[in-house]
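Step one of this worksheet: look at the structure below.
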Amino acid sequence: MMKQPYSVRIFEESAPHKKGLSLPVGLVWGLRYEGPLVKNGRVVGFHTAWKRCAPFPIDMAGFAVSLSLLLSHSEAQFDPNAERGFLESSLLGQLVSVGDLEPRADDCTKVWVWHTRTEKPKLKQEVYLEKQGRGSDINVLV
Numbered sequence: 009m010m011k012q013p014y015s016v017r018i019f020e021e022s023a024p025h026k027k028g029l030s031l032p033v034g035l036v037w038g039l040r041y042e043g044p045l046v047k048n049g050r051v052v053g054f055h056t057a058w059k060r061c062a063p064f065p066i067d068m069a070g071f072a073v074s075l076s077l078l079l080s081h082s083e084a085q086f087d088p089n090a091e092r093g094f095l096e097s098s099l100l101g102q103l104v105s106v107g108d109l110e111p112r113a114d115d116c117t118k119v120w121v122w123h124t125r126t127e128k129p130k131l132k133q134e135v136y137l138e139k140q141g142r143g144s145d146i147n148v149l150v
């Protein structure tokens with residue numbers, strides 16, 4: 009069974025934001041964490057091993073959009089026919105650009121949401137990315 013526990017800090021830090029926010033998610037897709045890459049306080053890309061070609065290769069638990077943005081784009085919706093790994097992009101692409109996402113969790117250096125299971129995590133994608141020189145930043149607190 010998988011659950012996504014959230015730190016209360018997410019809710020304390022989530023308001024206010026103009027359009028959307030993003031934060032890393034721990035223990036996802038065989039990585040220590042997956043999430044935004046931040047430079048000078050702006051999201052510039054994503055640390056992921058899964059569907060890197062997606063416009064927003066981000067876990068569902070790793071973003072939020074403002075209610076006012078959703079209300080102003082009432083036609084926006086998830087594409088039920090989206091290719092696996094592109095569901096998040098199907099919605100976010102109608103609402104924001106990558107640069108619009110505001111990094112949270114101390115510029116995405118801390119993990120405040122995790123995918124948890126009732127078994128030891130298998131970090132096989134972490135090993136794969138490390139071999140490519142793209143392993144998770146060890147300075148990110150998971």
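So for the sequence shown, my numbering puts the first residue at 9; every next one is plus one.
Glycine is no exception: its CB is placed at the ideal position from the N, C-alpha and C atoms.
Item, Value
"Contained alpha helix (DSSP H) runs [length at least 4] in the region 85-150, N- to C-terminal order", "95-100, 113-116, 132-139"
"Proximity of LEU77 and LEU103 at Cβ, strictly below 8 Å", "yes"
"Three-state class that DSSP yields for ALA72 in the structure shown", "strand"
"Rounded separation between VAL52 and GLU127 - CA only", "33 Å"
"Distance between GLY70 and ALA8 (C-alpha atoms, nearest Å)", "The first residue shown for the chain is 9 and the last is 150, placing residue 8 beyond what the model contains."
"Same chain only: Cβ atoms within 7 Å of ALA57, ignoring 5 sequence neighbours per side", "TRP37, GLY38, LEU39, GLN133, TYR136, LEU137"
"Burial state of SER105 (16 or more Cβ within 10 Å)", "exposed"
"Short Cβ contact (8 Å threshold) for PHE94 with ALA62", "yes"
"The beta strand (DSSP E) enclosing PRO44, as first and last residue numbers", "41-47"
"DSSP bridge partner residues for PHE54 (one or two, in chain order)", "PRO44"
"Where LEU29 sits in the DSSP three-state scheme", "strand"
"Residues near ILE18 in its chain [Cβ-Cβ closer than 6 Å; skip 5 each side]", "TRP120"
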